[in-house]
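These notes are about the structure you will find just below.
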Amino acid sequence: MPPKVEQPVRLRRKQIGSSVPLTDVEVADGAFLELVDRGANAGAVEMLKKGQQINVADDRGETAVHKATRRGDVAFVAELLRYGAVADYADVDGITPVMIAVQYGLGGLVGEFVKKGADLFAATKDGSTLLHIAAYSGHEDTLRALLQIDGMDSLIETKDAHGRSPLQVASFRASKDACAILVSAGADFAARDVRGNDCATLAGRSGRRKSKDFFETLSTVQTAHASQARDTAGAM
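Heads up, this note's numbering is the position in the sequence shown plus 316, with the first residue counted as 1.
Here it is, written out as structure tokens:
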């Protein structure tokens with residue numbers, strides 16, 4: 317097994333618009349990342365064996381782990397981590413590899429990052445948490461798996477930069493079943509975003525009839541229960 321020696325991530329300079337040529341090290345870093353991006357795993361490993369630093373990032377802040385995750389290559393991500401790759405590095409938009417895994421519904425990779433202690437409560441620069449990302453992508457199995465993680469319920473009402481909770485995002489992006497998963501976990505279906513839209517309105521505007529009907533039914537039941545409670549209290 318290769319030695320695991322975590323190192324700081326070395327960020328590659330932007331080449332476009334720069335009058336300073338890239339150094340040999342920067343060229344090598346770029347070649348390594350390109351190999352990973354193309355899925356040329358054997359070539360990338362050969363560079364590592366010859367001394368290539370593993371914790372390097374391109375000018376967008378994407379590391380080899382980001383790139384291998386986007387390809388869904390569970391085995392190679394695990395190999396990179398064994399070589400000492402940083403599992404939790406955020407790119408310039410605040411996106412970490414586990415966020416990419418959630419975006420693509422790659423449960424095996426999400427599990428790998430959980431085992432490596434990835435920060436599951438981080439947010440991107442636009443305030444999106446893992447729950448927002450799973451809701452936007454509509455991956456029901458991923459939503460269920462995330463909500464089983466201790467403490468994940470603390471993110472259920474977190475607002476992104478648009479003032480929307482994961483459920484509000486799901487209302488116009490995901491299926492009725494995805495919305496139901498979040499409601500079952502305690503998400504507030506009556507809450508409104510910064511523009512005053514509730515989940516039923518967001519679902520209706522995006523043409524998600526089943527979701528709209530689902531939210532309207534929940535609202536009707538909630539109103540009926542509230543009315544019944546008032547009547548009961550008044551009769552005492």
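Don't be surprised by glycine CBs; every beta carbon is placed ideally from N, CA and C. Since this is a predicted model, take the numbers as computed values, not measurements.
Query - Contacts around residue 464, its chain only, beta-carbon distance under 8 Å, and the 5 residues preceding and following it disregarded - result: Here the question's residue 464 lines up with position 148 in the sequence shown. Nothing listed; no residue qualifies.
- What's the gap between the Cα of residue 535 and the Cα of residue 362? Mapped onto the sequence shown, residue 535 falls at position 219. Mapped onto the sequence shown, residue 362 falls at position 46. Using only the alpha carbons, I get a separation of about 59 Å.
task: Indicate the three-state DSSP secondary structure (helix, strand or coil) for residue 373 in the structure shown.
output: The count along the sequence shown starts at 1 and reaches residue 373 at position 57. Strand at residue 373.
Counting Cβ pairs, one atom from each stretch, are 3 or more of them under 8 Å apart for the region 437-457 and the region 483-498? yes
Whole-number beta carbon distance between residue 480 and residue 509, since they are thought to touch under 8 Å = Position 193 of the sequence shown, counted from the first residue, corresponds to residue 509. Position 164 of the sequence shown, counted from the first residue, corresponds to residue 480. Yes, they are in contact, since the Cβ atoms of residue 509 and residue 480 sit about 5 Å apart, within 8 Å.
Practice item. Since I believe residue 355 is in contact with residue 387 (beta carbons under 8 Å), could you give me their beta-carbon distance rounded to a whole number of angstroms? Key: If you number the sequence shown from 1, residue 387 lands on position 71. If you number the sequence shown from 1, residue 355 lands on position 39. Contact holds; Cβ gap of about 6 Å.
- [ ] Have a look at residue 540 and residue 393 and give me their C-alpha separation to the nearest angstrom.
- [x] Start at 1 with the first residue of the sequence shown, and residue 540 comes out as number 224. Start at 1 with the first residue of the sequence shown, and residue 393 comes out as number 77. Their Cα atoms are separated by approximately 51 Å.
Q) Are the beta-carbon atoms of residue 414 and residue 396 separated by less than 8 Å? A) Locating residue 414 in the sequence shown gives position 98, where the first residue counts as 1. Locating residue 396 in the sequence shown gives position 80, where the first residue counts as 1. Contact: no.
Three-state secondary structure (DSSP) of residue 474 = Against the sequence shown, residue 474 aligns to sequence position 158. The answer is coil: DSSP assigns residue 474 none of H, G, I, E or B.
At the level of alpha carbons, what is the spacing between residue 364 and residue 391? As a first step, residue 364 must be located in the sequence shown, where it is residue number 48. As a first step, residue 391 must be located in the sequence shown, where it is residue number 75. Distance between the alpha carbons of residue 364 and residue 391 is about 16 Å.
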